[in-house]
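Novice:
There are 2 protein chains.
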Amino acid sequence: MLPLEELEKRIGYTFKNKKYLKRAVTHRSFSSEHNERLEFLGDSVLGCVIGYALFQKEDHFNEGSLSRVRANLVKMQTLAEIGEKIGVWEFLCVGEGEMHQGGNRRPSTMSDAVEAIFGAIFIDGGFEQAQTVIIRLYEPMLSQLTAATLGKDAKTMLQEVLQSKHLGLPSYEVVDVKGAAHEQEFVVEAVISKLGVVTTGVGRSRRQAEQEAAQKALTTEAIKNL
Amino acid sequence: MLPLEELEKRIGYTFKNKKYLKRAVTHRSFSSEHNERLEFLGDSVLGCVIGYALFQKEDHFNEGSLSRVRANLVKMQTLAEIGEKIGVWEFLCVGEGEMHQGGNRRPSTMSDAVEAIFGAIFIDGGFEQAQTVIIRLYEPMLSQLTAATLGKDAKTMLQEVLQSKHLGLPSYEVVDVKGAAHEQEFVVEAVISKLGVVTTGVGRSRRQAEQEAAQKALTTEAIKNL
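Chains as they are written, first to last, in UniProt numbering: chain L, 1 to 226; chain X, 1 to 226.
1) Run the CB neighbour count on His182/X, radius 10 Å, all protein chains shown included, and call it buried at 16 or more, exposed below.
2) What residues in the region 135–161 of chain L have a beta carbon less than 8 Å from any beta carbon of chain X?
3) At a Cβ threshold of 8 Å, is residue 227/L touching chain X?
4) Please name the residue in Glu36/L, Lys85/L, Lys16/L whose C-alpha comes closest to that of Glu115/L.
5) Using a Cβ-Cβ cut-off of less than 7 Å, give me the residues of the region 39–50 of chain X that come near chain L, in sequence order.
6) What I want to know is whether the C-beta of Phe127/X ends up closer than 7 Å to one or more non-hydrogen atoms of the ligand FAD.
7) My output table needs one value for Phe30/X: the three-state DSSP class, helix, strand or coil.
8) Unbroken alpha helix (DSSP H) runs of length 4 or more, entirely within the UniProt domain "RNase III" (4–126) of chain L: which are they?
9) Within the same chain, show all residues whose beta-carbon is closer than 8 Å to that of Glu58/X, passing over the 5 residues directly before and after it, in chain order.
10) What residues in the region 51–84 of chain X bring their beta carbon closer than 7 Å to a beta carbon of chain L?
11) Taking all protein chains shown into account, decide if Pro170/L is buried (16 or more other Cβ within 10 angstroms of its Cβ) or exposed.
12) Got a sec? Which residues, its chain only, sit under 8 Å from Thr14/X by beta carbon, not counting five neighbours each side?
13) What whole-angstrom Cβ distance do Gly51/X and Leu41/L have, given they're in contact under 8 Å?
14) Grab the span of the alpha helix (DSSP H) containing Glu160/L for me, first residue to last.
15) To the nearest angstrom, how far is it from the Cα of Ala154/X to the Cα of Ala213/L?
16) Contact between the region 182–193 of chain L and the region 125–139 of chain L is defined here as three or more beta-carbon pairs at a separation below 8 Å; is this criterion met?
17) Going by DSSP, what residue range makes up the alpha helix (DSSP H) through Ala209/X?
18) When the distance is taken between beta carbons, is Gly125/X closer than 8 Å to Asn72/X?
19) Hey, quick one: how far does the alpha helix (DSSP H) through Glu183/X stretch, first residue to last?
20) Enumerate in chain order the residues of its own chain whose CB-to-CB distance from Glu23/L is below 8 Å, with the five nearest sequence positions on each side excluded.
21) Taking the beta strand (DSSP E) that Thr200/X belongs to, which residues open and close that run?
22) Around the C-beta of Ala180/X, are 16 or more other C-beta atoms found within 10 angstroms, so that it is buried, or is it exposed?
23) By the criterion of Cβ-Cβ separation under 9 Å, what are the contact partners of Arg37/X in chain L?
24) If you draw a straight line from the C-alpha of Ile11/L to the C-alpha of Val133/L, how long is it?
25) Is the beta carbon of Val187/X closer than 8 Å to that of Val198/X?
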């Protein structure tokens, strides 16, 4: 296990009281002084910080969209990705049995530890410190909400973006079908004429190819800069 | 409708920017500048404030209990009670049709407005100001968690309290049964011998009478001060 100072560097926060961080990375299989209550607290803090960030940034979102996106950003998988990125598993104290089964790198365990770390920062440094760390770690996800985060498919999302700017609807056209009857591959072009954007998607069904084309359109500069 | 200064007095917070409060009390039936996004934000803030309060106060609660109690404290009914207490309905801007149907005093509408007010304070004054107001309004509920808030029946709760202090189990005894066969009324005594506490409950069934006796025991000084 790496020293906790290294973890402090990776999250960009130095604890006044190191025992909070120690506890945040302690799994219940390791000690009765484990991180589950801190995880509860961190979950509360995270919901507030992400809720406020979305409220500020996405001023065109209604309450339903805000709730849906927040839920996607605070769910286990997203937290586990953050845990993987900061390598939280390298610091986790888990019981020997758990460790042998690779339990320190289990997504749910990493997710719990990341939440517990947020809770620990909140206790140690207050709301604004926790907010700073959370926003920094979530920055890539907040600055570009993906179709998955938004809980929408790419075609719906593209349509909404274009409509909000009065740019009409994209058109989709099958430009090629390859392969034998049961192994067909569809090639679809998405055209957003008012922006001069044309993207191509490939898939085993027309629908799949359209989704890919829409996803590619969403990542073009012309649309990202709308 | 009463002036918003009166609402500020009742919640104990004066807004720097009154437009936030105005918006927090505006229902969607009244104007497109309604409170739904603020309600989302307030919900986020409330979860964090109540989560932290429970984390601090109930240091014997595990994560599951903390989550359950938080859910009970932030649910619509609880918020509507707070709305009723501060008379939030006297300030709500709802559409005419709604108003005629008493829509300003509907529990869900009051609950939404109370959350929106918390969100408005957060934007106007920051986390600590919102925390102060929320804790003040929730104080009665936080200082004495009831069986309902805890999502447990009174007997279970009494048993848990006594066991945590190694005071053994309470005993319940039917001391009287009154009335004719189909209208019986049971009188039950709960005895906690180590504390010298005896309480009496009455009910249409033995179980109901036991619950009442347990609930009364929970409110005795001897047990509240454990």
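Built from N, CA and C at the ideal position, the CB exists for glycine as well.
Specialist: Here's the rundown:
1) That one is exposed.
2) So the list is empty, because no residue satisfies the distance condition.
3) Missing from the structure shown is residue 227/L; chain L here goes from 1 to 226 and no further.
4) For the residues Glu36/L, Lys85/L, Lys16/L, the minimum Cα distance to Glu115/L belongs to Glu36/L.
5) With the criterion set as a beta carbon lying under 7 Å from some beta carbon of chain L, the members of the region 39–50 of chain X are Glu39, Phe40, Leu41, Ser44, Val45, Gly47, Cys48, in sequence order.
6) Here there are no bound small molecules, and the ligand FAD is not part of this structure.
7) When DSSP states are grouped into helix, strand and coil, Phe30/X belongs to the coil group.
8) Fully enclosed alpha helix (DSSP H) runs of 4 or longer: 4–11, 18–24, 36–57, 63–74, 76–85, 96–100, 107–125.
9) Hits under 8 Å: Ser65, Leu66, Val69, Leu145.
10) Residues Gly51, Tyr52, Phe55, Asn62, Glu63, Leu66, Ser67.
11) Burial call: buried.
12) Closer than 8 Å at the Cβ level, and outside the excluded window around Thr14/X, lie Glu8.
13) Confirmed, Cβ separation roughly 6 Å.
14) It spans 154–164 - the alpha helix (DSSP H) in which Glu160/L sits, taken as one unbroken run.
15) For Ala154/X and Ala213/L, the distance between alpha carbons rounds to 59 Å.
16) As far as the Cβ criterion goes, the region 182–193 of chain L does not touch the region 125–139 of chain L, which means the pair count is below three.
17) For Ala209/X, the enclosing alpha helix (DSSP H) has its first and last residue at 206–218.
18) Result no, Cβ atoms of Asn72/X and Gly125/X do not sit closer than 8 Å.
19) The continuous stretches of alpha helix (DSSP H) do not include Glu183/X, and DSSP gives it neither H nor E.
20) Strictly speaking, residue 23/L in this sequence is Arg, with Glu absent from that position. Residues of the same chain with a CB within less than 8 Å of the CB of Arg23/L, apart from the 5 flanking positions on each side, are Glu33, His34, Asn35, Leu38, Ala116, Ala120 in chain order.
21) Start and end: 197–203.
22) When all chains shown are included, Ala180/X counts as exposed.
23) Those are Phe55, Asp59, Phe61, Asn62, Glu63, Leu66, listed as they occur along chain L.
24) Approximately 7 Å, taken between the alpha carbons.
25) Cβ distance not < 8 Å, so Val198/X and Val187/X don't count as in contact.
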